[in-house]
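Notes follow once the structure below has been shown.
2 protein chains.
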Amino acid sequence: MTAPSRRERLRTTTVAEIKSGARRLLVDGGVEAVSLRAIARDMGMTAPAIYRYFPSLEALVGALAGDLYEESTALLEAARDGAGEDEVAQLLAMARAFRAWSVAHPAEFGLIFGAPTPSATTFFDTCADADHPGARFGAVFVQPLVELWHRSPFPTPPPELLRRHFEGRLEPLRQSHGEIPVEVAWAFLSGWTRLYGLVAMEVFDQVSWAITEPEHLFELELTTFATQLTPHRP
Amino acid sequence: MTAPSRRERLRTTTVAEIKSGARRLLVDGGVEAVSLRAIARDMGMTAPAIYRYFPSLEALVGALAGDLYEESTALLEAARDGAGEDEVAQLLAMARAFRAWSVAHPAEFGLIFGAPTPSATTFFDTCADADHPGARFGAVFVQPLVELWHRSPFPTPPPELLRRHFEGRLEPLRQSHGEIPVEVAWAFLSGWTRLYGLVAMEVFDQVSWAITEPEHLFELELTTFATQLTPHRP
DNA sequence: TCATTTGAGTGAACGCCGTTAACTATCGCA
DNA sequence: TGCGATAGTTAACGGCGTTCACTCAAATGA
């Protein structure tokens, strides 16, 4: 691990500048506005120069998607770490942080959580299954759920029902998180699905025909979700 | 209402041929593969000819999105009409039909239920709020829910909690469906959000790192959803 | 120190794309 | 029969990703 040479440092900053230009275009024009020629123009370069740093536009967008995945994962971790000891409070803080980030960054959300573009596809295919960006993202949710389950088990559908549906199909999840109680796996999949649905519907503008200020629907669902994570009074 | 002239008939079939070419390109190349030149090539025409029928590529893709919305709405109605009298059975049949269609038509799903492209945006903006395609789509779900609610009310969060969160924010929904009990509005929004989340996650390939055969997760969630629509035993 | 190799960047070109403009030929109708 | 509307053409412009041949400066090694 030797110190980076001057050339390597320059290269790193250039890569960063390319990516930040790409993100700027993404933010104010959608993914189809990201073009090598526009990035190069903004940098005072010509388009073919970018091929010294990325093999194609697709690869550049893929790398950007990877960065965004990391950014949102770090965001979740920060929300969790700032929410005290109670796991339910941690999960609620993470959900709120995720929604806030997504609503504030619709283009970025669309790139990593929307329909898989060729760029995203080729990028994610280069990731080993165990450290798929989605796996590290999901892990931040799984950990508090596991701890909550051991401290104060929440109600779930009957475990034999869960086992019947999940039988042998949780291998990918197990590969990145080790053995997990089937109830926790269910809570994660069910909860993440609901969170994703709420946020994606709002970001993709699929509910504005029915409700204004979808944040209140979000908070309502969060309330009922928190209730479901609390043991029912006997 | 006079019979369409020969010219009008030719025009109609040409429009249909353009759209079907566009859909073919959409299906096996994603939305970014839809190009006027490719469509025209497949039809043995030149690209500018298409401007006799659509003012821009954006408008063509928008019209295609409108057709797809109609297609999926009709699909839901067919599923409902083939599911007998019981409203819960109707809702389950609709959910299954929606998932099946979406999984079988990922590109079409992405176009109308994914991140809004400029094309979709400009198209949906041309729709009046009351007959927004989403509203007609949602109506198919709302109707059985209303009937079920009147026949056999399902458990919901406390109505005062619902009212507090929905206060004055359901105007768009009311405009297309008239007065609706707040409990039904909640059931629709909550249920549609969960259904959308499940299907979008599967179609957009956001869960393959955790679970294989997501259809079983879908069926599991459907089971618990049906339970929640049934009055709890006293 | 000087020659050489490496790397970054350029300019021209190819073939796509959407879109516009000018033009032609055909069809339907009075 | 003639005329206007309609459907189609070709040519062109600018933008795009990408490739290739090239230049020039920086790092390297004898």
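In the order they appear, the protein sequences are chains P and F. The numbers in full-length UniProt numbering rise by one with no breaks, and the one at position 206 of the first sequence is 206. The numbers in full-length UniProt numbering rise by one with no breaks, and the one at position 211 of the second sequence is 211. Quick reminder that beta carbons are idealized off the backbone N, C-alpha and C, glycines included.
Inter-residue spacing [alpha-carbon to alpha-carbon] between residue i and residue j
{"i": "F/P157", "j": "F/F188", "result": "13 Å"}
{"i": "F/A79", "j": "F/G29", "result": "29 Å"}
{"i": "F/F154", "j": "F/V182", "result": "12 Å"}
{"i": "residue 235 of chain P", "j": "P/T224", "result": "What is shown of chain P runs 1 to 234, which leaves residue 235 of chain P out entirely."}
{"i": "F/K19", "j": "P/E221", "result": "40 Å"}
{"i": "P/A65", "j": "F/Q90", "result": "40 Å"}
{"i": "P/E179", "j": "P/L229", "result": "21 Å"}
{"i": "P/P214", "j": "P/W101", "result": "15 Å"}
{"i": "F/V15", "j": "F/S56", "result": "13 Å"}
{"i": "F/I112", "j": "P/R99", "result": "22 Å"}
{"i": "P/L161", "j": "P/W192", "result": "20 Å"}
{"i": "P/T126", "j": "P/A120", "result": "10 Å"}
{"i": "F/P118", "j": "P/V103", "result": "18 Å"}
{"i": "P/A47", "j": "P/L36", "result": "6 Å"}
{"i": "P/E8", "j": "P/F54", "result": "15 Å"}
{"i": "F/P4", "j": "F/E147", "result": "41 Å"}
{"i": "F/T227", "j": "F/L76", "result": "21 Å"}
{"i": "P/A63", "j": "F/T212", "result": "26 Å"}
When the options are compared against residue i, the one with the closest alpha-carbon
{"i": "F/L25", "options": "F/V199, F/L148, F/T14 and F/A38", "result": "F/A38"}
{"i": "P/S72", "options": "P/A89, P/E221, P/A49 and P/G110", "result": "P/G110"}
{"i": "P/E219", "options": "P/E202, P/C127, P/Q206 and P/W209", "result": "P/E202"}
{"i": "F/L145", "options": "F/W186, F/T126 and F/A115", "result": "F/W186"}
{"i": "F/Q175", "options": "F/L229, F/D131 and F/S119", "result": "F/D131"}
{"i": "F/A107", "options": "F/T193, F/Y69 and F/R151", "result": "F/Y69"}
{"i": "P/H105", "options": "P/A74, P/V27, P/T212 and P/R9", "result": "P/V27"}
{"i": "F/W149", "options": "F/Y51, F/E8, F/F124 and F/D86", "result": "F/D86"}
{"i": "F/Y51", "options": "F/R11, F/D67 and F/L75", "result": "F/R11"}
{"i": "residue 286 of chain P", "options": "P/R41, P/H177 and P/R163", "result": "The structure shown does not extend to residue 286 of chain P, since chain P spans only 1 to 234, so no value can be given for it."}
{"i": "P/F124", "options": "P/D67, P/A226, P/S152 and P/H177", "result": "P/D67"}
Residue-level contact to chain F via CB, residue i, 9 Å cutoff
{"i": "P/V207", "result": "yes"}
{"i": "P/A135", "result": "yes"}
{"i": "P/P172", "result": "yes"}
{"i": "P/G154", "result": "For the record, residue 154 of chain P in the displayed sequence is Phe; it is not Gly. Not one chain F Cβ lies under 9 Å of P/F154."}
{"i": "P/F123", "result": "no"}
{"i": "P/P181", "result": "no"}
{"i": "P/W201", "result": "Residue 201 of chain P is actually Met in this sequence, not Trp. Yes, contact with chain F."}
{"i": "P/F204", "result": "yes"}
{"i": "P/T117", "result": "yes"}
{"i": "P/L60", "result": "no"}
{"i": "P/F188", "result": "yes"}
Beta-carbon gap between residue i and residue j smaller than 9 Å
{"i": "F/A95", "j": "F/L217", "result": "no"}
{"i": "P/V34", "j": "P/A49", "result": "no"}
{"i": "F/G114", "j": "P/A93", "result": "no"}
{"i": "P/A210", "j": "F/P231", "result": "no"}
{"i": "F/V88", "j": "F/V61", "result": "no"}
{"i": "P/V142", "j": "P/V184", "result": "yes"}
{"i": "F/T122", "j": "F/A83", "result": "no"}
{"i": "F/G197", "j": "P/G44", "result": "no"}
Near the ligand NAD: residue i beta-carbon under 8 Å from a heavy atom
{"i": "F/A187", "result": "Questions concerning the ligand NAD fall outside what the structure shown contains, since it holds no ligand whatsoever."}
Residue-level contact to chain P via CB, residue i, 9 Å cutoff
{"i": "F/R169", "result": "yes"}
{"i": "F/R52", "result": "no"}
{"i": "F/A22", "result": "no"}
{"i": "F/P144", "result": "no"}
{"i": "F/G197", "result": "yes"}
{"i": "residue 236 of chain F", "result": "Within the shown structure, residues of chain F are numbered from 1 to 234, placing residue 236 of chain F beyond reach of any answer."}
{"i": "F/G110", "result": "yes"}
{"i": "F/T224", "result": "yes"}
{"i": "F/G66", "result": "no"}
{"i": "F/L220", "result": "yes"}
{"i": "F/L25", "result": "no"}
{"i": "F/R6", "result": "no"}
{"i": "F/R194", "result": "yes"}
{"i": "F/L161", "result": "yes"}
Is it the case that the segment 135-142 of chain F contacts the segment 123-143 of chain P, given that we only count it when at least three CB pairs across the two stretches are under 8 Å? no
Given 8 Å, three or more beta-carbon pairs between the segment 204-215 of chain P and the segment 166-177 of chain P: no
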